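Chains as they are written, first to last, in my numbering: chain E, 1 to 237; chain P, 1 to 254; chain Y, 1 to 79.
For glycine and all other residues, C-beta sits at the position ideal for the given N, C-alpha and C.
It should be emphasised that the depicted structure is a prediction, and the values quoted were computed from it without experimental measurement.
As structure tokens, the structure follows; a few thoughts come after it.
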């Protein structure tokens, strides 16, 4: 269970950020973060994954508090940033091995999961090339491999579908569903409302750093379609 | 401990692929051979110009001793232009990662801030010391070839204590990197602070006991026939630990 | 590192060559390393032509400037 309580984070000299966000996600939940650009999606995500600290609030995954035991917390999450930042001078394989060693994975365990991921994402030959030669989409696929291979309990994706080809998008959607059915918690930000409507059971709409909608997808869709709600919420500034 | 080793290895691999090892070693070798050659060369220049300018060399003028030449190499070349280039070579170690987002990648992994900082410190220290050692060993060989013999063991001891000084300089850069985002600014501040400590440490040995540049005083005493006060090691170690601790505290607030 | 050329004219070169050659070789080596690296990164480094001039004309300082700063100034400001 992921519980976020009263999370607040503001940047110095700017009114951007996120205020008083609370969120509770259980095993098997897929939650979409929706909001206009600058609504605070990335800020929230970066606070939850522990890239930057937040001013107030509490983030807990099962019994592990992010602020008390960040290493244990981080060993349970998998995160994909909005722009993949990688070591350009490495091959994809070296990169994967580096990350696997940080999670203290056994070699045979890694091999088995890697074989599956490389095959599904059609990455078997590219893995031996230098990261600097990859296209944006390939870098993103490498990030996906690196984030899925240690079977994280919490998967956090910042705009994961941007730059992915249709095959990789299909794979990711299916993978998200199957991981959730196996008990993972998935949280992702997106602008693609159609996909969110299909796969998510929780929805958060952010506007100017505040959660204006924070409910189950079922309840939200009772009122109107996602497109209409999104337009409503983001227009009344 | 394991993570420090893994991240340190990444640092070394980057330095190999960036050919930093190659050029930095060549650079220090140039610095290392210049001083002994100049000292020898001056002699020859003056001799060959002697007839024209009427300057006569005193044939009994004392030839510089090997240890004096080595000392001049380190205090004149390595500690000035060498230090500046060295600092420039690693000033971006944390800042570029912060600006490019690679640091975000590290901080979402089960790696503690301290492990990250320590891996940066020792990774860059190792790279720097390999390059400095290549340069100074060539310098040593040249000096004993051109001048007279000086015990290799003293030279090694010198290098050992000198590496402590370098470790301190890198730890300043690490500390500054946690709150300054421009790598140029980090570099300049590190160089200025190092120079100030060197000047202060040069005033007298009692003051040096309380300064990180005590490592330098101790190193240089290995090349002189003066006694070595090993208490000089304490201050640099304390300063390094303090900078690491401060860096660990500050980096949390990014 | 900087030598005044005019003074060197009247020197007994025979005596000096064995001393000067190692320095010359090292300088050339550094220059070559910088030029090879620049050639390999010519498509991504900003102002690559300017850097060629700097590397060749400024003895030692040029290659070092390129290797420390120039090779990091990339065209698309991505790491």
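- The closest CA to that of residue 137(E), considering only 152(E), 151(E), 155(E), 159(E), is found on 159(E).
- Chain-order list of chain E residues neighbouring residue 6(P): 98, 101, 102, by C-beta distance under 9 Å.
- Here the C-alpha atom of residue 47(Y) lies approximately 9 Å from the C-alpha atom of residue 73(Y).
- A contact between stretches requires three or more CB pairs, one per stretch, nearer than 8 Å, and the segment 19 to 26 of chain P meets this requirement with the segment 128 to 142 of chain P.
- A distance below 7 Å between beta-carbons, with the five flanking residues on each side excluded, links residue 228(P) to the following residues of its chain, in chain order: 218, 221, 222.
- From the beta-carbon of residue 33(Y), the residues of chain P found nearer than 8 Å are 19, 22, 23, 26.
- Chain-order list of chain E residues neighbouring residue 123(P): empty, with the shortest C-beta distance near 13 Å, by a criterion of under 7 Å.
- Per DSSP, the beta-bridge partners of residue 158(E) are 189(E).
- The C-alpha of residue 204(P) is placed about 44 Å away from the C-alpha of residue 100(P).
- Using a Cβ distance threshold of 8 Å, residue 4(E) and residue 43(E) do not count as a contacting pair.
- Taken through DSSP and simplified to helix, strand or coil, residue 53(E) comes out as coil.
- Here DSSP, grouped into helix, strand and coil, assigns residue 151(E) to coil.
- Between residue 95(E) and residue 86(E), the beta carbon gap of about 6 Å places them in contact (Cβ cut-off 8 Å).
- For residue 202(E), the enclosing beta strand (DSSP E) begins and ends at 202 to 207.
- Within the same chain, Cβ atoms closer than 8 Å to the Cβ of residue 177(E) are found at 30, 199, the five residues on either side in sequence being excluded.
- In chain order, 161, 164, 214, 215, 218 place their CB closer than 8 Å to the CB of residue 233(P), counting only its own chain and leaving out the 5 sequence neighbours on each side.
- Looking only at 240(P), 236(P), 186(P), 185(P), the smallest Cα-Cα distance to residue 207(P) is reached by 236(P).
- Rounded to whole angstroms, residue 149(P) and residue 98(P) show a C-alpha spacing of 48 Å.
- As for any beta strand (DSSP E) of minimum length 3 sitting wholly inside the segment 197 to 241 of chain P, there is none.
- Looking only at 75(P), 42(P), 107(P), the smallest Cα-Cα distance to residue 32(P) is reached by 75(P).
- When DSSP states are grouped into helix, strand and coil, residue 88(E) belongs to the coil group.
- The beta carbon of residue 6(E) sits closer than 8 Å to the beta carbons of 20, 21, 22, 56, 57, 58 from its chain, once the five residues preceding and following it are set aside; these are given in chain order.
- When secondary structure is reduced to three states using DSSP, residue 32(P) falls in the helix class.
- By the Cβ criterion, the segment 141 to 155 of chain P is not in contact with the segment 117 to 124 of chain P, since fewer than three pairs of Cβ atoms, one from each stretch, lie closer than 8 Å.
- At a C-beta separation below 7 Å, residue 50(E) has these neighbours in chain P: 107, 108.
- In the DSSP assignment, residue 104(P) falls outside any beta strand (DSSP E) and within the unbroken alpha helix (DSSP H) covering 102 to 107.
- In the structure shown, residue 30(E) falls within a strand segment according to DSSP collapsed to helix, strand and coil.
- Rounded to whole angstroms, the Cβ separation of residue 180(E) and residue 152(E) is 12 Å, and the two are not in contact under 8 Å.
- Counting only the Cα atoms, residue 14(P) lies some 40 Å from residue 25(E).
- Residue 3(P) has a beta carbon lying within less than 8 Å of a beta carbon in chain E.
- Residue 17(E): member of the beta strand (DSSP E) spanning 17 to 25, first to last residue.
- Residue 162(E) and residue 186(P) have their alpha carbons spaced roughly 35 Å apart.
- Listed in chain order, the positions of the segment 49 to 70 of chain Y with a beta carbon within less than 8 Å of a beta carbon of chain P are 60, 63, 64, 67, 68, 69.
- Interface flag for residue 44(E) against chain P is unset, since no Cβ pair is found closer than 8 Å.
- If you draw a 10 Å sphere on the C-beta of residue 106(E), you find fewer than 16 other C-beta atoms in it, and that means exposed.
- The beta carbon of residue 93(P) sits closer than 6 Å to the beta carbons of 120, 124 from its chain, once the five residues preceding and following it are set aside; these are given in chain order.
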